[in-house]
Amino acid sequence: MSLLVAAAAFLLYLIAYNTYGRFLSKKIFALDDSARTPAHQLEDGVDYVPSRKQVVFGHHFTSIAGTGPIVGPALAIIWGWLPALLWVIFGSIFMGAVHDFGALVVSLRNRGRSLPDVCAKLVNPRVRVLFLSIVTLALVIVIAIFCLVIANIFAMWPESVFPVWMEIPIAIGLGLMLRRCKTTKAVILWTILAVGLMYFTVWVGSMFPLKMGSLGVIGPVVLWSVILLVYCFFASVLPVQTLLQPRDFINAYQLYIALALLVVGMVAARPDFVAPQANLSPAAAPSPWPLLFVTVACGAISGFHSLVAGGTTSKQLQREPDAKAIGYGSMLLEGVLAVLVIVSVGAGLGIKYDLAAKDVAAFRDKNPQVEVHEETTPDGKTVRYVEGKPAFAWHYRAWGAAKGLGPKVQAFMKGAGNMIHEVGLPMILCVTIMGVFVASFAGTTLDTATRLQRYIIAEFGQATGAKFLVNRYVATFVTVLDCAASLQWDGKGAGAMVLWPLFGTLNQLIAALALLVISVYLHTKKKPIWFTAIPFAIMVCLTGWAMVTNLRDFLYGSTYVAKAPHLFVIGLVVSALEVWMIVEVILHIRKAPRVKTSG
0 MSLLVAAAAF LLYLIAYNTY GRFLSKKIFA LDDSARTPAH QLEDGVDYVP SRKQVVFGHH
60 FTSIAGTGPI VGPALAIIWG WLPALLWVIF GSIFMGAVHD FGALVVSLRN RGRSLPDVCA
120 KLVNPRVRVL FLSIVTLALV IVIAIFCLVI ANIFAMWPES VFPVWMEIPI AIGLGLMLRR
180 CKTTKAVILW TILAVGLMYF TVWVGSMFPL KMGSLGVIGP VVLWSVILLV YCFFASVLPV
240 QTLLQPRDFI NAYQLYIALA LLVVGMVAAR PDFVAPQANL SPAAAPSPWP LLFVTVACGA
300 ISGFHSLVAG GTTSKQLQRE PDAKAIGYGS MLLEGVLAVL VIVSVGAGLG IKYDLAAKDV
360 AAFRDKNPQV EVHEETTPDG KTVRYVEGKP AFAWHYRAWG AAKGLGPKVQ AFMKGAGNMI
420 HEVGLPMILC VTIMGVFVAS FAGTTLDTAT RLQRYIIAEF GQATGAKFLV NRYVATFVTV
480 LDCAASLQWD GKGAGAMVLW PLFGTLNQLI AALALLVISV YLHTKKKPIW FTAIPFAIMV
540 CLTGWAMVTN LRDFLYGSTY VAKAPHLFVI GLVVSALEVW MIVEVILHIR KAPRVKTSG
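Note that numbering that gives the first Met the number 0 has the sequence shown beginning at 0, numbered continuously upward.
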């Protein structure tokens with residue numbers, strides 16, 4: 000069953016790319032091969048760098064993916080695999096891919112500026128400041144949280160530490176060689192060498208895990224977060240072709256290999272779904288309406304994607320027609336990843352589920368009729384595990400058991416590892432491959448988000464007259480300092496998690512506002528806007544509904560969310576900014592004639 004579901008989803012994505020994607024590129028956005036892109040207009044060797052299509056695709060895809068299409072579906076499946084699957088498929092085709100594609104085109108035709116900055120031209124400078132304010136808060140949360148994501152992965156899977164850090168010198172070396180390559184054959188050869196070297200480090204990491212100790216009361220998660228923020232500073236200010244592009248390029252191939260392993264493993268295992276088809280009232284969990292559409296963002300539609308498209312990606316495209324594959328195609332490929340996550344968690348988890356030692360007694364008490372298997376590992380340890388539907392039911396026994404970062408990543412790692420293990424690879428290697436895959440993708444998002452925040456702060460500086468913020472070193476320092484403060488060094492690395500419950504609605508709010516800006520752009524071009532206006536209306540309604548639900552929970556508390564007055568205040572302010580911006584845009588559209596503008 001899971002194999003047929005995945006095959007049908009992949010076929011739908013292929014059809015959508017060659018029909019709806021082609022229609023949008025030719026009839027709506029009218030991509031022009033003769034147009035000069037910002038990468039050529041403003042080439043500076045640091046941010047504006049004309050680059051090969053496959054290189055930019057790798058950067059864009061790995062940046063928008065991160066861990067989003069993993070953790071979102073891995074939590075949303077608690078409501079059943081079918082609701083999550085339908086949102087991933089149709090959301091990505093008709094909303095997410097259109098959103099990403101449109102954001103990239105608008106930025107391309109406005110000198111590579113971000114969508115919030117373009118608002119000054121399309122609407123008025125006041126709307127620019129409103130949008131920039133919302134985006135700034137979102138990016139602070141993204142950078143801080145992804146620091147914690149990677150730090151926690153390093154703590155949970157020390158086998159991933161060595162290969163993830165070794166990607167940096169490998170990427171720098173690859174970037175140097177790619178700039179010297181004159182032929183496609185040379186690019187392929189150096190890419191194969193770099194990817195092969197990376198997987199050698201994965202094997203080394205699986206043999207020699209590196210564990211970070213504590214420094215007094217400061218735990219390893221915080222120590223890793225500090226190191227990652229220092230890394231972020233240098234990654235942001237270096238020219239894109241030195242580290243950002245080649246690292247993302249390597250990670251893209253890592254993704255292709257991981258996807259291939261998952262597909263082959265799925266074919267070999269042919270696992271049946273152990274997750275329920277639909278379970279709209281799981282224990283102590285919120286209703287899926289509307290939180291399903293906020294929980295699954297990457298993989299369906301995510302506001303962060305518009306920031307990447309209108310931030311780093313638009314500054315690197317050589318040709319306008321490349322935007323179809325990079326904007327529309329990347330989102331569909333992310334949908335493919337999300338579908339494989341749903342299969343890994345909803346079916347692969349049931350192949351074999353190791354019970355933690357502390358859970359064995361509780362599991363047997365609640366499931367006396369279920370057989371708990373035992374086996375002895377080569378190092379003499381006894382492992383107890385279960386199979387089938389009881390495995391999924393135990394992992395997702397309540398909202399509280401599934402909602403943390405650890406349970407979501409573990410569900411994917413266990414399910415994916417089970418399927419890949421069917422190919423014949425050792426389980427420790429399978430888990431390490433997936434751990435490096437998750438950490439590397441989080442790292443690419445962290446790199447890109449830091450650079451994006453640097454751009455946003457610079458645009459804020461331009462808008463407010465604070466010219467010193469335009470300097471890339473100053474803007475990056477402010478970015479890193481803000482994120483360090485948000486982490487609240489408490490020795491446990493949990494500081495940024497305080498803001499995390501707000502991020503889902505905030506991220507989808509940005510998606511709605513981006514669709515609104517793209518609609519304004521199409522309106523000025525005398526183009527039909529229903530391709531973006533309908534998704535905007537859906538997203539603003541879903542986001543508004545989710546935000547009201549969250550605000551109520553933040554104010555009064557609930558069975559799954561504790562009282563959080565600070566989140567209530569922040570959420571209220573963000574909602575007010577959203578309403579203000581939407582009203583400003585609607586008034587502008589009603590007053591402004593549909594006159595074709597340049598850019």
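We put the beta carbon where it would ideally sit given N, CA and C, even for glycine.
Check: Reference T135; option with closest CA among K526, V477 and G218; Outcome: V477
Check: Residue span of the alpha helix (DSSP H) that contains R246, given as start and end; Outcome: L243 to A268
Check: Contacting residues, own chain, Cβ-Cβ under 8 Å from M426 (five flanking each side not counted); Outcome: G416 and H420
Check: Beta-carbon proximity check, G302 vs A510, cutoff 8 Å; Outcome: yes
Check: Given 8 Å, three or more beta-carbon pairs between the segment 57–64 and the segment 237–255; Outcome: yes
Check: Inter-residue Cα distance where the pair is K388 and P275; Outcome: 9 Å
Check: E373 in three-state terms, based on DSSP; Outcome: strand
Check: T431 - partner residues in DSSP beta bridges; Outcome: According to DSSP, T431 bridges with nothing at all.
Check: Three-state secondary structure assigned by DSSP to T311; Outcome: coil
Check: DSSP state of T36 mapped onto helix, strand, coil; Outcome: coil
Check: Closer than 8 Å to chain D by CB, I140; Outcome: Considering every chain present, this structure includes no chain D. It has just one protein chain.
Check: Segment contact flag, the segment 60–70 with the segment 327–344, C-beta cutoff 8 Å, min 3 pairs; Outcome: yes
Check: Under 8 Å between C-beta atoms of L138 and A545; Outcome: no
Check: Own chain residues within Cβ distance below 6 Å of A8, not counting five before or after; Outcome: I88 and V338
Check: Unbroken alpha helix (DSSP H) run spanning R318, endpoints; Outcome: First-last for R318: undefined, no H or E at that position.
Check: Reference I600, options N123, I149, A34 and Y19, closest by Cα; Outcome: No answer is possible for residue 600: it lies beyond the span of the chain, which begins at 0 and ends at 598.
Check: Close beta carbons around A532, own chain, < 8 Å, minus the five adjacent residues each side; Outcome: L514 and S518
Check: Cβ neighbour criterion (16 or more within 10 Å) applied to C118; Outcome: buried
Check: Three-state class that DSSP yields for S50 in the structure shown; Outcome: strand
Check: CB contact flag (A296, Q507, <8 Å); Outcome: yes
Check: Anticipated Cβ contact below 8 Å, H394 with Y454, distance rounded; Outcome: At roughly 40 Å, the Cβ-Cβ gap does not stay under 8 Å, so H394 and Y454 are not in contact.
Check: First and last residue of the uninterrupted beta strand (DSSP E) at A383; Outcome: Correcting the residue type first, residue 383 is Arg in the shown sequence and not Ala. Segment T381 to V385, the beta strand (DSSP E) holding R383.
Check: The segment 159–171 / the segment 434–450 touching (three or more Cβ pairs under 8 Å); Outcome: yes
Check: Residue span of the alpha helix (DSSP H) that contains T190, given as start and end; Outcome: T183 to M206
Check: Cβ contact check for the segment 77–87 and the segment 354–364: 3 or more pairs under 8 Å; Outcome: no
Check: Beta-bridge partners of I217, as assigned by DSSP; Outcome: L214
Check: Spatial neighbours of L175 in its chain, beta-carbon cut-off 7 Å, leaving aside the 5 residues before and after; Outcome: none
Check: Residue of P37, F22 and V236 minimising C-alpha distance to F100; Outcome: F22
Check: For D446, three-class secondary structure by DSSP; Outcome: helix
Check: Stretch-stretch touch, CB-based, cutoff 8 Å, three pairs: the segment 20–38 with the segment 307–317; Outcome: yes
Check: Buried/exposed call for Q368, threshold 16 Cβ in 10 Å; Outcome: exposed
Check: Three-state class that DSSP yields for Y352 in the structure shown; Outcome: strand
Check: Pick from K25, R51, A143 and W579 that is closest to W599, judged by C-alpha positions; Outcome: In the structure as shown, the chain begins at 0 and stops at 598. Residue 599 is therefore absent and cannot be evaluated.
Check: N- and C-terminal bounds of the alpha helix (DSSP H) containing G67; Outcome: G67 to A75
Check: Simplified DSSP state of I581, which is helix, strand or coil; Outcome: helix
Check: Own chain partners of V473 with C-beta closer than 7 Å, once the 5 adjacent residues on each side are dropped; Outcome: F467
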